[in-house]
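Colleague: One structure coming up, written as C-alpha cells, with questions to follow.
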Amino acid sequence: MNAEEIKQLENELWGAADDLRANSKLTAAEYKDPVLGLILLRYAQNRYEEAKTTIEASLKEGPRGKPALNKDHFLAAGAMMLPENAQYEYLANLPESEDVNEAVNEAMRSIEADYSDLAGILPKNYQELDSDLLRELIRVFNKDSVKKLNGDVFGRIYEYFLMKFSMSGAGAQEGGEFFTPPSLVNLIVNFIEPDHGIVHDPACGSGGMFVQTGHFIKDHSNKQVNEAITAYGTELKSNNTRLAKMNLAIHGIEGKIIESNSFYTDPHDLTGKCDFVMANPPFNVNKVDKKKDFVKTDKRLFDDVGIPKADNGNYLWIQYFYHYLNTQGRAGFVMASSATDAGSSEKLIRQKLIETGDIDCIVAVGNNFFYTRSLPCHLWFLDKGKRAENKDKILMIDARNTFRQINVTLRDFNPEQMEGLTTIIKSYRGKDVAEQFKSNSWLKEQFPNGKYEDIEGLCKVASLDEVKENDWSLTPGRYVGYSIEIDEDFDYKKRLGEIHGELGALNNEANDLMQQILRGAA
C-alpha cells in the first residue's frame with residue numbers, strides 16, 4: 016500500500032468513525048479512548064494472524080505432530096497470542112442477542128490478564144457506547160482493506176486518529192497536551208538524530224516523540240528500534256499515560272512509561288544518563304511547590320541559581336532537560352516564546368546555561384502550528400557533544416515566516432521546508448550538505464549562493480559575545496534581523512495617497528453619522 020492509498024484509507028476510516036460519533040450523544044473526548052482501543056485490538060489481531068502463519072511454518076513435526084502454539088511463540092514473533100474472545104472476528108460475528116459492549120470490555124480484560132505490560136491501560140468503558148454504534152465501529156475496522164494492513168500502516172492510522180481527535184478538541188479538558196503536531200516532532204527528531212542509547216521524554220503525552228524516533232531509526236539505520244534505543248517516558252495525566260502505552264504497543268516499541276509528576280519526582284533516575292531528551296512540556300505552569308524538599312535538593316537543577324523566583328515552571332523544565340543529558344547527549348524541546356527573554360532569576364539561569372556552551376540552536380516558530388492554541392513558540396536544542404568550532408556559537412533560526420498554510424487556522428512545514436531547516440543545522444555542524452543546497456527548491460530560494468551563510472530575516476550563527484551584548488537573550492529575531500523586500504513595480508506613493516483619501520472619506524462619513532445621532536438625541 017503506497018502513501019496515497021494509506022492517506023485515502025486514513026480519511027475513509029476517520030470519516031466513517033466521525034460520522035458515527037456525530038450521530039451519537041458522545042463528545043470527542045468521550046469517544047476517543049474507545050475508538051483508539053478498537054484500533055489497537057484490530058492491530059493485535061492482524062499481528063496475531065501474520066505471526067501465526069509464520070510460526071506454524073517454522074515449527075517442525077515431532078513424533079506427535081507439530082507442537083501446540085503458545086504465548087512464547089508469539090512473543091518471539093513480536094505479537095500477542097489473543098484468546099478467542101479477544102479476537103476481532105469473534106467480536107464482529109457476535110449475534111445481535113449478545114451484549115457486544117460487555118464482550119469488548121471482556122476482550123480487553125483478557126488481554127490485560129495475559130500481558131502485564133498492558134495491565135490497566137486498555138479502555139474498558141464500552142458500556143458507555145450505544146450497542147448499535149459499537150457494532151458499526153467494529154465493522155468499520157473489520158473491512159477487508161483493514162484486515163490486510165501491517166503494523167507500520169496501523170501505526171500511521173493510530174497517529175492520524177490521535178491528531179484528528181486533538182484537532183476536534185478531545186484533549187481540551189487536559190490542556191490539549193496529549194499530541195504534539197507532527198511538524199514540530201519531526202523537526203526536533205531531525206535536529207537531534209536520536210539513533211541510539213537512552214531516549215527520555217519527561218512530559219511524554221501520548222508518546223509521539225518515541226514514535227517519530229522509531230520512524231527515524233527505520234529510515235536511517237539497519238537496526239530495529241528496540242535494538243537501537245531504550246525509551247523512558249514520564250506523564251502526569253492518567254489518560255495520557257494510557258494513550259502513550261497504547262501508542263508504543265501499536266508501533267512495536269518497548270518502553271517504560273510511568274505516571275508521575277516530573278516537578279516532584281525523577282522516577283527513572285536518569286540524571287546524567289540520557290543520550291537524547293525530547294519533550295513538549297506544558298508551558299507556564301504555575302504554583303509549583305518550590306518549598307518541597309525534593310525541589311530544593313533536585314540534582315536536575317543548577318546548585319546556585321536553579322530555583323527560579325518566577326511563578327512558572329519553564330526554567331525548571333529547561334534545567335531538567337539539560338541535566339538529564341550525558342556528556343555527549345542532545346536535547347530538543349518546545350518552549351514558550353517568553354522563555355528566551357525572561358528576566359530576573361530566569362535570566363540568571365539562562366546565562367548559566369549559555370555559558371556552558373551547550374546551547375546548540377534556537378528556532379522561532381510562528382503562530383498556528385498547534386491544534387489547541389495559536390501562540391508562537393520556540394524550539395530549543397542542546398548538545399553537550401558540540402564540536403569545538405561551535406562551542407562558543409549558537410545557531411539562530413527565525414522560521415516564523417516559514418510555513419505551509421493548511422487551512423485558515425493551521426500551519427505546518429512542507430517537506431521542502433522540513434529538509435531545508437534540517438540542512439541548515441547539518442551545515443552548521445560541518446556535515447556535507449552540498450547536494451541538498453543544489454536540489455532543495457526552498458534552500459535555493461533562501462540561499463542563492465548555494466551554501467550556508469547568514470541570511471537576514473532567517474538565520475545567523477551568533478557568538479556568545481553577541482548573546483552577552485544582547486542581555487543574554489535567545490530570541491532569534493534579535494540576531495537575524497528583518498528582511499524587507501521592496502517591489503520595484505509597485506507605486507507605493509500612489510497607493511499611500513489612495514489610502515489617505517479613503518481614510519478621509521471614512522472620517523467624513525463618521526462625522527456626518529455623529530451629527531445625525533446628536534440631532535436625534537436633541
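Everything in the sequence shown is counted per our numbering, starting at 16 for the first residue and increasing by one. The beta-carbon is built from N, C-alpha and C at its ideal position, and this holds for glycine as well. Model, not experiment: these values are computed from the prediction.
Indicate whether the contact test is met: 3 or more Cβ pairs, each with one atom in the stretch 105-115 and one in the stretch 61-81, closer than 8 Å.
Modeller: The stretch 105-115 is not in contact with the stretch 61-81.
Colleague: Under 8 Å by Cβ, that's how I've got L28 and I172 pegged, so tell me the actual separation to the nearest angstrom.
Modeller: Right, their Cβ atoms sit about 6 Å apart.
Colleague: On the three-state DSSP scale, how would you describe D375?
Modeller: It is a strand residue.
Colleague: Provide the residue(s) that pair with A414 in DSSP beta bridges, ordered along the chain.
Modeller: Paired residues: V380.
Colleague: Which residue from N262, R257, G212, L258 puts its Cα closest to that of Q227?
Modeller: Of the listed residues, the one whose Cα sits closest to Q227 is N262.
Colleague: Using DSSP with H/G/I as helix, E/B as strand and the rest coil, what is D34?
Modeller: Correct three-state label for D34: helix.
Colleague: Check whether the Cβ atoms of N295 and T195 lie closer than 8 Å to each other.
Modeller: Taking 8 Å as the Cβ cut-off, N295 and T195 qualify as a contacting pair.
Colleague: Rounding to the nearest angstrom, what Cα-Cα distance links Y247 and K459 in this structure?
Modeller: Each residue's Cα considered, the two are about 39 Å apart.
Colleague: For R426 and L199, what's the separation of their Cα atoms in angstroms?
Modeller: Going by the C-alpha atoms only, they are around 11 Å apart.
Colleague: According to DSSP, is L425 helix, strand or coil?
Modeller: Here L425 sits in strand by DSSP.
Colleague: Between the alpha carbons of A187 and K47, how many angstroms are there, rounded?
Modeller: Its pLDDT being 44, under 50, A187 is placed unreliably by the model, and the measurement read from it follows with that caveat. Going from the Cα of A187 to the Cα of K47 covers about 12 Å.
Colleague: Expressed to the nearest angstrom, what Euclidean distance is found between the alpha-carbon atoms of K359 and T280?
Modeller: Rather than Lys, the amino acid found at residue 359 in this sequence is Ser. Taking the straight line joining both Cα atoms gives about 26 Å.
Colleague: When we look at the beta-carbon of H235 and count the other beta-carbons within 10 Å, is it buried (16 or more) or exposed?
Modeller: H235 should be labelled exposed.
Colleague: Distance, Cα to Cα, I412 vs C376?
Modeller: In a straight line, the C-alpha of I412 is about 8 Å away from that of C376.
Colleague: Can you list, in chain order, the residues of its chain with a C-beta nearer than 6 Å to that of F309? Leave out the 5 residues immediately preceding and following it.
Modeller: So the list reads Y279, once near-sequence residues are dropped.
Colleague: Could you pull the start and end residues of the beta strand (DSSP E) that Y247 belongs to?
Modeller: Where Y247 is concerned, the enclosing beta strand (DSSP E) stretches over 244-250.
Colleague: Looking at R415 and V553, is the spacing between their C-beta atoms short of 8 Å?
Modeller: Since the first and last residues shown for the chain are 16 and 537, residue 553 lies out of range.
Colleague: On the criterion of 16 or more Cβ atoms from any shown chain inside 10 Å, does T371 qualify as buried, or is it exposed?
Modeller: Answer is exposed; the Cβ neighbour count stays below 16.
Colleague: Any idea what DSSP makes of L94, helix, strand or coil?
Modeller: For clarity, residue 94 is Ala in the given sequence; the question names Leu instead. In the structure shown, A94 sits in coil (DSSP, three-state: anything other than H, G, I, E or B).
Colleague: Less than 7 Å between the CB of Q23 and some heavy atom of the ligand COA, yes or no?
Modeller: The model on display carries no ligand, and the ligand COA is accordingly not part of it.
Colleague: To which residues of the same chain is L251 closer than 6 Å at the C-beta, ignoring the five residues directly before and after it?
Modeller: Cβ neighbours of L251 beyond the five flanking positions: N276.
Colleague: For T355, which residues in the same chain have their Cβ closer than 7 Å to its Cβ, ignoring the five residues on either side in sequence?
Modeller: Hits under 7 Å: I377, H393, S488, L489, T490.
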